[in-house]
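**Q** Next up is a structure, given as structure tokens.
Numbering (this note's numbering), first residue to last: 6 to 498.
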């Protein structure tokens, strides 16, 4: 009892002296810990879960953007896309040959053809090879057969020099000889010297549409580009040693483009005369196209010649240049005494040898008149003894790697078409005239090129593609698809 009293007395004394708590703070600490455990721990668990989920979402997002990048990369270059995916028929699934972005997540992009559209159906394809001079037949490889009866004019070389006019047509149609009118050409005089692209651009020389009266020789390693439009030549243009030439804009890219040439060629003409897409060369007087090699072949990679035309496209509303649509090379036909524009043009009529009516050119939206009204002068490369120079000539005397590609029509009814290759020298040559040839004579003596085509080919102008880009490693596997229409000229429909 005394002990209890003593203890109570001590407690009262401690309270009087302000002594510290004996256990209350511990209880409060326990309460705080319990509350923190009930609130903070779930919050931390939630934060960890969100962080883990964010990594998954971020990984998926990266992979999704990677496959989108694969599609964008493939679509960024329609020309390369068309080339990579161009096959003979629809439904072909291709290997992942398309360009891919350089990302941390690797992807593969493939294409499959859904549909193929051609330049025209069979009912609109004229004879692909026609020669007109009496008594000179086509080379044996081009005589009609059951397989190509619609491809070759069966009357080539016949004695009746006017008979071909019975099947001649201004429009393209089966079993006809397509004989289009001339387009209007710009009278702007041009120098035989090309324009250089401005500093900052790749080395490139540029020619602009217009009238050329001096001979042009193109050689050397600097690429050359002819801007899209109509060119009229009254003298020769020669493509020779190591030349690399692209004519007109389109599916085959040149060293520059029409737009860059017009704005950034040094001292470019104020009137550039660029029209449509692709180019047409018109030859009058002594004008002719020559591809030849003269420098001894060394076997070096630089020993090559390349001349590539792009197909010519023209708006249906541009009546001045509309006759040039799908035509790459033409001649001015008829005769003009002394090549004097004040004289009257007349048909070329060499009895028993050749008959070609004089050329017409637009004089209005729906009217045509003598080509001389547009300052055209007929080609003088007509039948003679000895025979005159060919208006289109490929002459190879060295085994140089040579590429000549002309997808448009060649309309030179009073001029020679000559491909001359020395014995054993055609191994490295690829010469293709895919749009058809109408000429006075078609001569192919000597060796044949390793790749050689003359006639009207079935030309693919548009592909309908299904593109698929897919991640190739890791998870999840992500794909991205797109359906596009891409044209041969490098545009999307």
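We treat Cβ as the ideally placed atom computed from N, Cα and C, and that holds for glycine.
So what does DSSP say about residue 163, is it helix, strand or coil?
**A** For the purposes of this step, residue 163 is taken as the residue at position 158 of the chain shown. If DSSP states are grouped into helix, strand and coil, residue 163 belongs with coil.
**Q** With residue 126 as the anchor, note down where its beta strand (DSSP E) starts and where it stops.
**A** As a working mapping, residue 126 is identified with position 121 in the chain shown. No beta strand (DSSP E) holds residue 126; DSSP gives it neither H nor E.
**Q** For the putative contact between residue 483 and residue 442, defined by C-beta atoms under 8 Å, what is the C-beta separation to the nearest angstrom?
**A** Locating residue 483 in the chain shown gives position 478, where the first residue counts as 1. Locating residue 442 in the chain shown gives position 437, where the first residue counts as 1. The Cβ separation is near 52 Å, so there is no contact.
**Q** Taking C-beta to C-beta, are residue 163 and residue 446 nearer than 9 Å?
**A** Here residue 163 refers to the residue found at position 158 when the chain shown is read from its first residue. Here residue 446 refers to the residue found at position 441 when the chain shown is read from its first residue. In this structure, residue 446 does not lie closer than 9 Å to residue 163 by Cβ.
**Q** Can you list the beta strand (DSSP E) stretches of 3 or more residues lying completely in the stretch 161-242, in chain order?
**A** Under the rule that a run must span 3 or more residues, the beta strand (DSSP E) segments found entirely inside the stretch 161-242 read 210-212, 215-217, 221-223, 229-231, 234-238.
**Q** With DSSP collapsed to three states, give me the class of residue 458.
**A** As a first step, residue 458 must be located in the chain shown, where it is residue number 453. Note: residue 458 maps to strand in three-state DSSP.
**Q** Which class does residue 486 belong to by DSSP, given the choice of helix, strand or coil?
**A** Start at 1 with the first residue of the chain shown, and residue 486 comes out as number 481. Of the three classes helix, strand and coil, the one that applies to residue 486 here is strand, per DSSP.
**Q** If I follow the unbroken alpha helix (DSSP H) through residue 84, where does it start and stop?
**A** To locate residue 84, count along the chain shown from 1; it is residue 79. Counting along the chain, the alpha helix (DSSP H) containing residue 84 begins and ends at 83-90.
**Q** Out of 282, 236, 83, which has the shortest C-alpha to C-alpha gap to residue 219?
**A** Along the chain shown, one-based indexing puts residue 219 at 214. The candidate whose alpha carbon is nearest that of residue 219 is 236.
**Q** Decide if the stretch 205-224 is in contact with the stretch 261-281; the criterion is three or more beta carbon pairs, one per stretch, under 8 Å apart.
**A** yes
**Q** Can you tell me whether residue 269 is helix, strand or coil according to DSSP?
**A** If you number the chain shown from 1, residue 269 lands on position 264. Correct three-state label for residue 269: helix.
**Q** Any heavy atom of the ligand FAD closer than 8 Å to the CB of residue 181?
**A** The ligand content of the structure shown is nil, which means the ligand FAD is not present either.
**Q** DSSP on residue 264, reduced to helix/strand/coil?
**A** Position 259 of the chain shown, counting from 1, holds the residue named residue 264. Residue state, collapsed to three classes: helix.
**Q** Rounded to whole angstroms, what is the Cα-Cα separation between residue 354 and residue 383?
**A** Taking the first residue of the chain shown as position 1, residue 354 is located at position 349. Taking the first residue of the chain shown as position 1, residue 383 is located at position 378. Approximately 13 Å, taken between the alpha carbons.
**Q** With C-beta atoms as the reference, is residue 463 less than 9 Å away from residue 123?
**A** As a working mapping, residue 463 is identified with position 458 in the chain shown. As a working mapping, residue 123 is identified with position 118 in the chain shown. It is a contact, given that the beta carbons lie within the stated cut-off.
**Q** What are the start and end residues of the beta strand (DSSP E) that includes residue 446?
**A** One-based indexing of the chain shown puts residue 446 at position 441. From DSSP, the beta strand (DSSP E) with residue 446 extends over 442-448.
**Q** Nearest to residue 251 by alpha carbon, out of 209, 193, 359?
**A** Start at 1 with the first residue of the chain shown, and residue 251 comes out as number 246. Considering only alpha carbons, the answer is 209.
**Q** Answer with buried or exposed for residue 481, where buried requires no fewer than 16 other C-beta atoms within 10 angstroms of its C-beta.
**A** Reading the chain shown from its first residue, position 476 is the one you call residue 481. Burial call: exposed.
**Q** Using 8 Å as the cut-off, can you tell me whether the stretch 362-377 makes contact with the stretch 392-401, which would need three or more C-beta pairs spanning the two stretches below that distance?
**A** no
**Q** Would you kindly check if the distance between the Cβ of residue 178 and the Cβ of residue 131 is under 9 Å?
**A** Counting from 1 along the chain shown, the entry for residue 131 is found at position 126. Counting from 1 along the chain shown, the entry for residue 178 is found at position 173. Yes, Cβ-Cβ distance for residue 131 and residue 178 is below 9 Å.
**Q** Should residue 109 go down as buried or exposed, given a rule of 16 or more other Cβ atoms within 10 Å for buried?
**A** Position 104 of the chain shown, counted from the start, is the residue given in the question as residue 109. Exposed: under 16 other Cβ atoms inside 10 Å.
**Q** Indicate whether residue 423 and residue 380 have their beta-carbon atoms separated by less than 9 Å.
**A** Position 418 of the chain shown, counted from the start, is the residue given in the question as residue 423. Position 375 of the chain shown, counted from the start, is the residue given in the question as residue 380. In this structure, residue 380 does not lie closer than 9 Å to residue 423 by Cβ.
**Q** Once the 5 residues before and after residue 497 are set aside, which same chain residues still bring their CB inside 7 Å of it?
**A** By one-based count along the chain shown, residue 497 stands at place 492. Answer for residue 497: 83, 489, 490, 491, listed in chain order.
**Q** Leaving out five residues before and five after residue 106 in sequence, what residues of the same chain have Cβ atoms less than 8 Å from its Cβ?
**A** For the purposes of this step, residue 106 is taken as the residue at position 101 of the chain shown. Closer than 8 Å at the Cβ level, and outside the excluded window around residue 106, lie 71, 74, 75, 77, 78, 112.
**Q** Going by DSSP, what residues sit across from residue 342 in a beta bridge?
**A** Translated into positions along the chain shown, residue 342 becomes position 337. Beta-bridge pairing links residue 342 to no other residue.
**Q** Identify whether residue 133 lies in helix, strand or coil by the three-state DSSP scheme.
**A** In the chain shown, residue 133 corresponds to position 128, counting from 1. The answer is coil: DSSP assigns residue 133 none of H, G, I, E or B.
**Q** What would DSSP say about residue 151, mapped onto helix, strand or coil?
**A** Here residue 151 refers to the residue found at position 146 of the chain shown. Annotation note: pLDDT 45 at residue 151 (below 50); position unreliable, coordinate value reported separately. Reduced to three states, the DSSP call for residue 151 is coil.
**Q** For residue 224, which option in 38, 242, 318 has the closest C-alpha, if you only look at C-alpha atoms?
**A** Taking the chain shown and counting its residues from 1, one reaches residue 224 at position 219. The candidate whose alpha carbon is nearest that of residue 224 is 242.
**Q** Within the same chain, show all residues whose beta-carbon is closer than 7 Å to that of residue 368, passing over the 5 residues directly before and after it, in chain order.
**A** Taking the chain shown and counting its residues from 1, one reaches residue 368 at position 363. The answer, listed in chain order, is 374, 378.
**Q** Quick check on residue 367: does DSSP put it in helix, strand or coil?
**A** As a working note, residue 367 is residue 362 in the chain shown. Residue 367 falls in the strand class under three-state DSSP.
**Q** Does the distance from the C-beta atom of residue 476 to that of residue 195 stay below 9 Å?
**A** Residue 476 sits at position 471 when you count from the first residue of the chain shown. Residue 195 sits at position 190 when you count from the first residue of the chain shown. Result no, Cβ atoms of residue 476 and residue 195 do not sit closer than 9 Å.
**Q** Entirely within the stretch 355-407 and at least 4 residues each: give me those alpha helix (DSSP H) ranges in chain order.
**A** none
**Q** With the cut-off set at 9 Å, would you say residue 508 and residue 325 are in Cβ contact?
**A** In the structure as shown, the chain starts at 6 and stops at 498, and residue 508 therefore has no counterpart that could be examined.
**Q** If I measure Cβ to Cβ from residue 301 and keep anything under 8 Å in the same chain, skipping five residues before and after, which residues do I get?
**A** Residue mapping note: residue 301 aligns to position 296 of the chain shown, counting from 1. By the criterion of a C-beta distance shorter than 8 Å, residue 301 is surrounded in its chain by 403, once the five residues flanking it on both sides are discounted.
**Q** Measuring only the C-alpha atoms, how far is residue 430 from residue 312?
**A** Here residue 430 refers to the residue found at position 425 of the chain shown. Here residue 312 refers to the residue found at position 307 of the chain shown. Computed Cα separation, rounded: 18 Å.
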